[in-house]
Amino acid sequence: MSQPTPKLDDWKCEECDGTGMDFADCPECQGNGWVDDEEDGGTMTCPTCDGCKCETCKGSGERP
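Count along the sequence shown from 1, add 16, and you get the number used in our numbering.
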């Protein structure tokens, strides 16, 4: 017997849709958790969502 083919999205955490972020739709960082820091040219934690990781997958984006 052959096993059913898994869907391509079977690995994704259902809570964050595989982003690993608590606020995957953050308008400031688009779910990255960081933004460009205009003062020093680097990056910094997003001031809107504070870079919070998904509690379900602990930030991995994968199903627990």
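Every residue gets a Cβ at the ideal spot worked out from N, C-alpha and C, and that includes glycine.
Keep in mind it's a predicted model, so treat the numbers as computed, not measured.
Going by other Cβ atoms of all chains shown within 10 Å of its Cβ, with 16 needed for buried, is residue i buried or exposed?
i: D38; result: buried
Report the residue from the options whose alpha carbon sits nearest the alpha carbon of residue i.
i: C70; options: W27, G47, P43 and D25; result: G47
i: G67; options: W27, K28 and C45; result: C45
i: P16; options: C29, T64, E78 and D25; result: Past the boundaries of the shown model lies residue 16; the chain is included only from 17 to 80, so the question cannot be answered.
Name, in chain order, the residues that DSSP records as bridge partners for residue i.
i: E78; result: K28
On the three-pair Cβ rule with 8 Å, is the segment 27-34 touching the segment 55-62? no
Could you tell me which whole beta strand (DSSP E) segments of length 3 or greater appear in the segment 18-64? Entirely contained in the segment 18-64, the beta strand (DSSP E) runs reaching 3 residues are, in chain order, 50-52 and 59-61.
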